[in-house]
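Everything on this sheet refers to the single structure shown next.
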Amino acid sequence: MRLFLTVSAAVLAATALSAAGGDLGTRSLTELENRLAEINVQLQSLANYGLGGGIGAIGYRTDGYKSPDRHKWIRIDFGTEVPLDEVMLIPAIRRDAEKGYQADAFPAHIRLKAGTDADTNGTVVAEYTGDAQLNPGIAPFIIPCGGMTASWIQVESDRLNSRAFDGLYVFQFSEILAFSGEENVALKKPVIAQTAQARLSTAWSKEFVVDGIVPYLMDAASGEQSVGYLAMITGDLYPSLTFDLGETVPISRVQLHAVDASDTLPQGYAGDIGIPRELLVEGAQQADFSDARILLSLRHETIYDIGSIMTHHFPETPCRYVRLSMVEPSENSFYGINQARFGFSEVEIFSHGRNVALGAPVTPNYPTPNPHRPLINLTDGRNMFGDILPIREWLTQLALRHQLETERPRIEAELSRRYARQKTNLRRTGWLAALLAVGTIITILIDRIIRQRAVFRTRERIAADLHDELGANLHAIGLLSDLASGAKNTPEKLDKFLQRLRALTERTGAAARYCTNMLEARGLYEDLVEDMRKTSARIMADLDYCLEFEGEEFLKQLKQRRKIDLFLFYKECLINIIRHSGATEVQTRLKARPDRLELTITDNGHGLDGEIPASLKRRARLLGAHLSTAAPSDGGTEITLALRPGKFGFRK
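So for the sequence shown, our numbering puts the first residue at 1216; every next one is plus one.
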């Protein structure tokens, strides 16, 4: 057996909409908003659910079972081969105390077969299982058939659902329609069911599943309200209504719309007001009906034969005039047998799927004095809700409405989730912006503090450089001047002191020019060892001094700033010794290793008087070094400057 995959446009749309609900997470916010707007616009143009009330046929139902696993089927024989476009399954509908109207016991599994008289096994047209595929709500369930040729269909199920009132599992439908074009080819055709309840007076019967009566009232989204035509008939007159189609056309179907079905709640009648118990439909090409042919002879035995829309087929017959005659009034009229009513909300007469009675004039054989229910309303194409739609289009709109109304809350829920997430993100962004603002302010304040500290350290360094370099040089110039004055009688010594004095003066001038940034002073502090030797010779010319260096290769790798600071610290130490210690001997040791740099200066003076001089502390702080003092056992002072690891400033 082959599976037909061609689907109608309506079902394609429904399938696409149903599938769309599963991938909402992959859609953008704009796409979801646009889709919701599209759904809202579409819903405004679709027929609404209007549900019938009162008394009437329900449909087909099997006996109840305790187990859902039952194989059940129902078969409809068209009597001839037709191109089959789609099959519609109308669910039985019940009222739920909490959820409102719901489909009752719609099968959990459906298989549709179709075939011809020569193909007794048939072809599987479609098969559906699971809630994702079988969820029609109260709408028609549409099965596309793709125009295949068939003379019969069979609806099967291997898994049933339970009905609400007793929980038993049943196989039931309100109506089964099979469309070939606009014609319901299943209408009033023979039905074979595997099991069925006897008709008797019950509203359930296999014949009711193809009677063309569905549980809906046609409530189109367009058109103005039209009140049905209804006349009171008195006496022995057999009333009739004659429709002039304007020209001779082949007709094959008539649809009778009951008067104002479900106009009030509760209804004041059973729904058959104005519909005769026996109705004769005739067709003719002559106005006097001299060539009349009987098209239909309808007898409504019970209320189950009457619905809001009653459709009847007959052999195609060419006619210009159609006459509806009351043969026997309804005994069910609450007005009584002597005051019977005759009328319909609309009478449609079809030729090849087109309502040729639309707008046609209607002539009664009795006076019509009621201005509130004019004859023109019989053919105006409208009912009490609005426009009258073709049956197939109407039911397709209901199915599409179900799909859209199922999709819409999912989209709304997804949008609500997205909006909530956006709100959360916006709130987080607000907090983040606030934190960034606070962070920016803190950063600016910290930067300002750092800059102020840098300015302070720069000023401190300039002051230290001026004090240590120029102060020491000026003091050395004074010492050399004294020595030169004492050696004026010794020309050789005097010339030596004057040369030193001249060199120191030039160095002091260069230092004065570059003391604000000694790193730029060319020719100064390039060789730390040599500078320390020369400075020692100038300042301690009359003292017994000794210099020891260890690791000169590491000293050469020191950065310029470290050399300057070390040199100025050493120079300040010598000036303090000359000024305050009264020492005659000075010993200096400078040791440099990869993990330690230590400068030790020892004199034999009378020792420190109080704390370490502030100028030495300041220079040690600029170096980031540890400064300590000690008093040797034989007298004097020992000053040690140690640079911590990471503070050496070796060139790379």
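We put the CB at the ideal spot given by N, CA and C, even for glycine. What you are looking at is a predicted structure, and each value in this text was computed from that prediction instead of being measured.
Beta-carbon gap between residue i and residue j smaller than 8 Å
| i | j | result |
| --- | --- | --- |
| Leu1781 | Leu1814 | yes |
| Tyr1522 | Ile1270 | With the sequence shown as reference, residue 1522 is identified as Gly, and Tyr is not the correct amino acid for it. No, the pair does not count as a contact, with Cβ atoms beyond the cut-off. |
| Ile1291 | Ala1401 | yes |
| Leu1613 | Tyr1264 | yes |
| Asn1819 | Ala1845 | no |
| Val1424 | Gly1294 | no |
| Gly1601 | Ala1435 | yes |
| Asp1459 | Pro1576 | yes |
| Phe1565 | Arg1636 | no |
| Leu1383 | Ser1377 | yes |
| Val1180 | Ala1393 | Because the chain is modelled from 1216 through 1867, residue 1180 falls outside the range shown and cannot be assessed. |
| Phe1356 | Leu1432 | no |
| Ala1341 | Ile1368 | no |
| Ala1188 | Ile1428 | What the structure shows of the chain is the stretch from 1216 to 1867, and residue 1188 is not part of that stretch, so it cannot be assessed. |
| Ile1289 | Ala1318 | no |
| Arg1276 | Gln1387 | yes |
| Thr1457 | Asp1278 | no |
| Leu1856 | Phe1784 | yes |
| Tyr1343 | Leu1266 | no |
| Arg1836 | Glu1787 | no |
Residue i to residue j span [Cα, whole Å]
| i | j | result |
| --- | --- | --- |
| Ile1665 | Thr1644 | 30 Å |
| Asn1585 | Asn1598 | 18 Å |
| Pro1306 | Arg1508 | 38 Å |
| Lys1771 | Gly1851 | 31 Å |
| Arg1717 | Gly1654 | 58 Å |
| Ile1779 | Thr1705 | 36 Å |
| Asp1824 | Val1744 | 30 Å |
| Pro1809 | Phe1769 | 7 Å |
| Asn1336 | Lys1314 | 41 Å |
| Ser1455 | Arg1492 | 14 Å |
| Asp1742 | Glu1826 | 32 Å |
| Val1496 | Tyr1280 | 44 Å |
| Pro1465 | His1528 | 13 Å |
| Asp1284 | Glu1248 | 43 Å |
| Met1363 | Glu1296 | 10 Å |
| Ala1628 | Leu1299 | 39 Å |
| Arg1242 | Thr1621 | 18 Å |
| Glu1563 | Arg1623 | 36 Å |
| Asn1640 | Leu1244 | 15 Å |
| Leu1858 | Arg1748 | 21 Å |
| Leu1831 | Arg1715 | 26 Å |
| Thr1331 | Ile1626 | 44 Å |
| Glu1397 | Lys1638 | 51 Å |
| Ser1505 | Arg1538 | 12 Å |
| Ser1848 | Gly1822 | 11 Å |
| Asn1570 | Gly1461 | 13 Å |
| Pro1579 | Ser1282 | 57 Å |
Closest by C-alpha distance to residue i, when choosing among the options
| i | options | result |
| --- | --- | --- |
| His1567 | Ala1262, Ser1796 and Ser1395 | Ser1395 |
| Glu1422 | Gly1362, Ile1391 and Leu1743 | Ile1391 |
| Leu1513 | Leu1471, Leu1630 and Cys1761 | Leu1471 |
| Arg1212 | Thr1658, Arg1285, Lys1287 and Thr1720 | Shown here, the chain extends from 1216 to 1867; a query on residue 1212 therefore has no answer. |
| Phe1557 | Phe1565, Glu1563 and Met1541 | Met1541 |
| Phe1559 | Glu1296, Leu1713 and Gly1489 | Gly1489 |
| Thr1463 | Glu1787, Asp1746, Ala1572 and Ala1341 | Ala1572 |
| Glu1516 | Asp1300, Gln1501 and Pro1544 | Pro1544 |
| Ser1437 | Thr1639, Ile1603, Lys1711 and Met1747 | Ile1603 |
| Gly1240 | Ser1631, Tyr1785 and Arg1777 | Ser1631 |
| Thr1526 | Gln1554, Arg1607 and Val1339 | Arg1607 |
| Leu1494 | Asp1595, Asp1520 and Phe1321 | Asp1520 |
| Val1442 | Pro1405, Gly1596 and Asp1334 | Gly1596 |
Bridge-paired residues (DSSP) for residue i
| i | result |
| --- | --- |
| Gly1825 | BP columns for Gly1825 are empty, so no partner. |
| Ala1446 | Phe1557 |
| Lys1786 | Partner(s): none; Lys1786 has no beta bridge. |
| Asp1710 | Answer is none; Asp1710 lacks a bridge partner. |
| Cys1761 | Gln1802 |
| Gln1772 | Its beta-bridge partners do not exist; DSSP assigns none. |
| Gln1470 | Thr1526 and Glu1563 |
| Pro1579 | Leu1456 |
| Ile1358 | Val1302 |
| Met1541 | Leu1494 |
Near the ligand GDP: residue i beta-carbon under 7 Å from a heavy atom
| i | result |
| --- | --- |
| Ile1779 | Here there are no bound small molecules, and the ligand GDP is not part of this structure. |
- Message: Measuring CB atoms only, is the stretch 1443 to 1451 touching the stretch 1532 to 1539, in the sense that at least three cross pairs come out at less than 8 Å?
- Response: no
- Message: With three or more beta-carbon pairs closer than 8 Å as the criterion, would you say the stretch 1308 to 1326 touches the stretch 1569 to 1589?
- Response: no
- Query: Given 8 Å as the limit, is there contact between the stretch 1799 to 1814 and the stretch 1840 to 1857, that is, 3 or more CB pairs closer than that?
  - Reply: yes
- Message: Counting beta carbon pairs with one atom in the stretch 1247 to 1258 and one in the stretch 1371 to 1385, are three or more of them shorter than 8 Å?
- Response: no
- Assess, as a yes-or-no matter, whether the stretch 1800 to 1807 is touched by the stretch 1747 to 1765 under the definition of 3 or more beta carbon pairs within less than 8 Å. yes
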